[in-house]
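What follows is a single structure, written as structure tokens, with notes after it.
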Amino acid sequence: MAQWVMLMCFLLLNLEMLESTTIMLGNYPSVSYPKSCKELLHLYGCLPDGLYFLSTSSGTSYLTFCDMTTDGGGWTLVASIHENNMYGKCTVGDRWSSQQGNNENVPEGDGNWSNKVTFGTVEAASSDDFKNPGYYEIIAEDMSVWHVPNGANVDNWKPSSIFRYHTQKNFLTQYGGNLYNLYKAYPVRYNAGVCHTNTGPSIPIVYDFGNDESLSTLYGPNSKREYEPGYITFRAFNNEKAALALCSGLKPKGCNIEHFCIGGGGFFAEGSGRQCGDFAGFDWNGYGTHSQWSASKEMTESVVMLFYR
Amino acid sequence: MAQWVMLMCFLLLNLEMLESTTIMLGNYPSVSYPKSCKELLHLYGCLPDGLYFLSTSSGTSYLTFCDMTTDGGGWTLVASIHENNMYGKCTVGDRWSSQQGNNENVPEGDGNWSNKVTFGTVEAASSDDFKNPGYYEIIAEDMSVWHVPNGANVDNWKPSSIFRYHTQKNFLTQYGGNLYNLYKAYPVRYNAGVCHTNTGPSIPIVYDFGNDESLSTLYGPNSKREYEPGYITFRAFNNEKAALALCSGLKPKGCNIEHFCIGGGGFFAEGSGRQCGDFAGFDWNGYGTHSQWSASKEMTESVVMLFYR
Amino acid sequence: MAQWVMLMCFLLLNLEMLESTTIMLGNYPSVSYPKSCKELLHLYGCLPDGLYFLSTSSGTSYLTFCDMTTDGGGWTLVASIHENNMYGKCTVGDRWSSQQGNNENVPEGDGNWSNKVTFGTVEAASSDDFKNPGYYEIIAEDMSVWHVPNGANVDNWKPSSIFRYHTQKNFLTQYGGNLYNLYKAYPVRYNAGVCHTNTGPSIPIVYDFGNDESLSTLYGPNSKREYEPGYITFRAFNNEKAALALCSGLKPKGCNIEHFCIGGGGFFAEGSGRQCGDFAGFDWNGYGTHSQWSASKEMTESVVMLFYR
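Protein chains in written order, with the numbering used here: chain A, 1 to 309; chain B, 1001 to 1309; chain C, 2001 to 2309.
In structure tokens, the structure reads:
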């Protein structure tokens, strides 16, 4: 039966789809595109990975990437976290932490984890921060995460990715259906909580590329004793009460989480702000050294892409 | 008669409009949407407040908010001034003053009051600076201003606003029909004039929410002796020749205008640049203290939305 | 024969075109606009200069300027380099060099010469940096460059420009058809080469406005002995191994190229970073003085527009 569905898909693709990976439905302006890649996939049965137009409830259309194959497909790219300058400590381009310098008076930093500000384009999502209206508008159940080398072309995102996984138990439903709502409940704000006590949800993951061991090749060797692999964790605090937004692939056990969690508020007390930035303290023992607390070069130079389904 | 028109409106809404607040007219690409909310309202007779698509003369369409009810409606949101970091003195995000630091060599700062640069989205207009092509393209007669709490959702802008008013004597007609042209004639540039002598137009306002007394709950107590309520004033200079772009709700009498006027050029001599920023010296005696010269917390944390009609 | 073609054009324009300079072809969403101004011109035979919609391969449409008359027309505006603050040394707005401060650890700076990040709008292309998807997507043969006074309106770009020229031997074909590909092969990166040895291509130009002598009125008098006029040069290094992206109107002979080449990487060793910025060392002997190494005021305050054909 699965076999037969695959065949039908193949025929459909041959007849209608292969000439373009951009599908357009309905007639603009009579409202237009589906709201998510999942909805789009349901309409067509099966579709290739690629760029598609989606619409917001207000009728704005935007182009994004749909992963139409992993675990049944229907994953909408809603954001990418790109470290443009590991040496810049909360400078221009640190939209997922702060562009205001390390500053105790700006505890939420830029605040983009829980507002409706959007930026970037899908074509440049591996070279710059990206956030589209789907981030706050789509009501989803699960998430998928890709770590893709900086500057990779769209067609190469999946084949070149160094780590990929997804959740599968509809966890988002209990947190408002998306990260916008989740982070409203778990603010990414300095001093809004402390390590351990105020950690947000940790959700088990299924690996699509990589495994428990991958993490030790990506995060620094010292970090290994501070986390448990196999999870995605939202909003956690380090020893100095700095808020980190996302711990990819793991659940923190210790409190030196700035070496393997990303995004954050606007203040990092340790090291005079050396940890302030989208990839926080990934370079604590040197840029890309993969020594002590430092992440590997390939991790430091990969963008983190967030998908909803 | 007014009664009867209201009824007709109600029927129209029931039949056609209530399923969506986004109206689309004509067939894209055959030029498309109206140029302003006023034009749109004329086409339909009456419409609810909400998000609508408009078109520029070059055929670009953009989404913005229309106030379709205040004083007959037809008000187009063209800009919002958002103070993203009161502690950042002409840093990233200070688009309505300067993102170049306090600098005498950059007397106009970013220059956005009188150029065609656009930024932001209407959905995020209470969380970030916003400026759409209507700002420089629509030819209007009057203005309306809303002070809306930071981060409020579109549907909540009007109900949650802390201060709202409009002008009613077609003053824009004599200044080129919009702020772009007005500020070409009254440049927001450091040292382009002095206090009193070179103040731009002060236009009487009609309050839609609030009154003369509201101002004293919003601006600092010391400021009260420096202004006359009941006006909107464009381009004024303080004691140190810093240019401020907009004084909302008042006409300056004294010269310490940086405590109740917003936007500006790129240089503020007093206090080593502590007044450089979108909300200038609103925090002179502490952030949100409403003591001496400091504005209230609710004013400091509200975005200023500008409408044309 | 040329005469007759001109006449036919005139008639066409009278009948169809003059009511709008925005042409729309086909029916959105059935894919839509031509991919370049050249393609558009081929469809119509002749068209006036102005703003037109183009489409990317993924179906996104964007508005840009087409020069439809110079040397047969068909030139697509793909980028503009705007110096927003000559006193800001790799600060906000220096997108064609670096917004990260002068920093040896960020050798490519913002990297926008060879990535797919886009920014700005055509309406504001003389007041802000501009880069559209055509920059990396159009496959072209030649380039044209305009130096246009800051803030000029679209209709006034050509008449007010201070220098204009184009290439004519299809040089882009051997460099991948556009600057995105050219700069992949010739990275704009500090220390990726040295003066003379690693200079990228220098292509002869034909002047459309100005001549060999114009350069001496635009660049500083000292610069004259350091270049040969009549070329456009891509990627060159100065004495201190700083990478410059584009030398407009000339081929460098000496190594003090930061006074007449623009754009660049993220590090300029000389003068503690005083040369870091979109217009590098144009102000070395004072802003706009046109003395010693300094460029003229009119050059310093003009945007550099890049066209493909």
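Note that beta-carbon positions come from the ideal geometry of N, C-alpha and C, so glycine has one too.
Review point. Which of the residues in the region 1123-1143 of chain B, read from start to end, lie with their CB under 8 Å from any CB of chain A?
Key: Glu1123, Ala1124, Ser1127, Asp1128
Review point. Counting only beta-carbon atoms, is Ser30/A nearer than 8 Å to chain C?
Key: Low confidence applies to Ser30/A: its pLDDT is 40, below 50, so where it sits in the model is not reliable, and the reading given next is rough at best. No, Ser30/A lies away from the interface with chain C (no Cβ there is under 8 Å from its Cβ).
Review point. Under 8 Å between C-beta atoms, does Val117/A make it to chain D?
Key: No chain D is present in this structure, whose protein chains are A, B and C.
**Study point:** Cutoff 6 Å; reference Glu2226/C; Cβ partners in own chain excluding five residues on either side
**Key:** Lys2253, Gly2254, Asn2256
Review point. Should Ser1272/B go down as buried or exposed, given a rule of 16 or more other Cβ atoms within 10 Å for buried?
Key: exposed
Exercise for review: Could you name the residues of the region 1069-1096 of chain B whose beta carbon sits closer than 9 Å to any beta carbon of chain A, in the order they occur along the chain?
Suggested key: Asn1084, Asn1085, Met1086, Tyr1087, Gly1088, Thr1091, Val1092, Gly1093
Exercise for review: Just the chain C side, please: which residues come within less than 7 Å of Val1106/B by C-beta, in chain order?
Suggested key: Asn2085, Tyr2087
Check your understanding: Nearest-angstrom Cα distance between His2196/C and Asn222/A?
Key -> 46 Å
Check your understanding: Got a sec, what are the start and stop residues for the alpha helix (DSSP H) Cys2037/C sits in?
Key -> 2037-2044
Practice item. Could you tell me whether the Cβ of Phe2279/C comes closer than 8 Å to any Cβ of chain B? Key: no
Review point. What separation, rounded to the nearest whole angstrom, lies between the Cα atoms of Gly1200/B and Phe2171/C?
Key: 54 Å
Check your understanding: Taking just the CA atoms, how far does Tyr308/A sit from Asn132/A?
Key -> 12 Å
Practice item. Pull up the distance between the alpha-carbon of Val304/A and that of Phe1268/B, whole angstroms please. Key: 41 Å
**Study point:** Rounded separation between Val2154/C and Tyr2287/C - CA only
**Key:** 26 Å
**Study point:** 8 Å contact criterion, which Gly163/A and Ser98/A should meet: CB distance rounded
**Key:** The residue you asked about is not Gly; residue 163/A is Phe in the sequence shown. About 26 Å; that fails the 8 Å criterion.
Review point. Where does Glu1141/B sit, in a helix, a strand or coil, going by DSSP?
Key: coil
Point to revise | Thr181/A versus Ser114/A, Lys297/A, Ser127/A, Gly210/A, residue with shortest Cα-Cα distance | key: Note on identity: in this sequence residue 181/A is Asn, with Thr being the wrong assignment. The shortest C-alpha separation from Asn181/A is found at Ser114/A.
Review point. In terms of DSSP beta bridges, what is Tyr1231/B paired with?
Key: Pro1204/B, Gly1249/B
**Study point:** Coil, strand or helix - Ile1023/B by DSSP
**Key:** For Ile1023/B, the predicted model reports a pLDDT of 33, less than 50, meaning its position is unreliable and no value from the coordinates is stated.
Practice item. For Leu2063/C, decide whether its Cβ has a neighbour in chain B, counting only Cβ atoms nearer than 8 Å. Key: yes
Check your understanding: Alpha carbon to alpha carbon, how far is Val2122/C from Phe2053/C?
Key -> 11 Å
Review point. Would you say Thr2167/C faces chain B, with C-beta separation under 8 Å as the test?
Key: no
Check your understanding: Which residues, in order along the region 34-53 of chain A, keep a beta-carbon less than 8 Å from a beta-carbon of chain C?
Key -> Leu51, Phe53
Review point. Straight-line CA distance for Asp1067/B to Val2092/C?
Key: 34 Å
Check your understanding: Mind checking Asp212/A: buried by the 16 CB within 10 Å criterion, or exposed?
Key -> exposed
Exercise for review: With 8 Å as the threshold, decide whether the Cβ of Gly59/A is near any Cβ in chain B.
Suggested key: yes
Check your understanding: What are the uninterrupted segments assigned as beta strand (DSSP E) that are 3 or more residues long and contained completely in the region 118-170 of chain A, given in chain order?
Key -> 143-149, 163-166
**Study point:** Classification of Gly2072/C by the beta-carbon crowding that lies within 10 angstroms, buried from 16 upward
**Key:** exposed
Review point. At least one CB of chain A closer than 8 Å to the CB of Asn2181/C: is that the case?
Key: no
Point to revise | Proximity test, Gly273/A beta-carbon vs the ligand MG heavy atom, cut-off 7 Å | key: Absence of the ligand MG from the depicted structure is noted, as is the absence of any ligand whatsoever, leaving it without description.
Point to revise | As assigned by DSSP and simplified to three states, the class of Leu2218/C | key: helix
Point to revise | Interface partners of Asn338/A on chain B, CB under 8 Å | key: Missing from the structure shown is residue 338/A; chain A here goes from 1 to 309 and no further.
Practice item. Please work out which residues of its chain come closer than 6 Å, Cβ to Cβ, to Gly2120/C, disregarding the five sequence neighbours upstream and downstream, and give them in chain order. Key: Asp2128, Asp2129, Phe2130
Exercise for review: Identify, in the order they occur along the chain, each residue of the same chain with its Cβ nearer than 6 Å to the Cβ of Lys2038/C, setting aside the five sequence neighbours on each side.
Suggested key: Gly2074, Arg2309
Review point. Under 8 Å between the Cβ atoms of Thr1289/B and Ile1232/B?
Key: no
Review point. Looking at the C-beta of Val304/A, does it have a partner C-beta in chain B at a distance below 8 Å?
Key: no
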